[in-house]
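Chemist: Residue 159, in my numbering, is where the sequence shown stops; the numbers in between run on with no holes.
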Amino acid sequence: MNTVEEWKQEKHPLDVVEDVRAYAEEGLSFEEIEARAGDGEWERLKWAGMYTQKQDGYFMVRTKVPGGHLTPDQAETIGEVAAEFATAPEWAGGSDQNDVFGDAYMDVTTRQDVQMHWIELEDVPEIWRRYAEVGLTTVQGCGDSARNVLGCPAGGLDDHSAFDA
């Protein structure tokens, strides 16, 4: 059994969702999380839709968007979360706003999910709360989990399509 599989045997990866809430509430640093939970916690965080960034203290968070379809409320919530939380600190260029995108922006992935960088752990529970209100989640957005089902956004709308995808 490889190391990642051993970590998953130690603690179910989805248990990390409640751990993230506790880490955020306690204001734990990366070092304190690692001291408490060990190296395997970084792998399990992927199951909550979180990757650590190269810059300590920050995460990339991936939002699941099944089939690539968002309601207006979901799109608005993602935009609000990006504007409020996906902002680089000043030392990383956050004060140098991009004329086109600004500082708070998100990426649409090849699997039609949305990811944001520069997310701080203390903000994750609030992001999850807002997402839950509109039927979104980051859980299983990364790592060793089922990937998104892709869909054609024009499926069933184009009279000239060869078939309805």
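The C-beta atom is built at its ideal place from N, Cα and C for all residues, glycine as well.
Evaluate M100 with the Cβ neighbour count: other Cβ atoms within 10 Å of its Cβ, from every protein chain shown; 16 or more gives buried, anything less gives exposed.
Modeler: buried
Chemist: Could you tell me which residues DSSP puts in a beta bridge with D101?
Modeler: Answer by DSSP bridge pairing, in chain order: Q109.
Chemist: Hey, would you say L144 sits closer than 9 Å to Q109, going by beta carbons?
Modeler: The Cβ atoms of L144 and Q109 lie no closer than 9 Å to each other.
Chemist: Following the continuous alpha helix (DSSP H) through T(-3), name the residue where it begins and the one where it ends.
Modeler: T(-3) to E4
Chemist: If you count every other CB in all the chains shown that lies within 10 Å of the CB of L130, and 16 or more means buried, which is it?
Modeler: buried
Chemist: Taking C-alpha atoms, which residue in L151, G149 and E120 lies nearest to V11?
Modeler: E120
Chemist: What's the gap between the Cα of L8 and the Cα of V133?
Modeler: 8 Å
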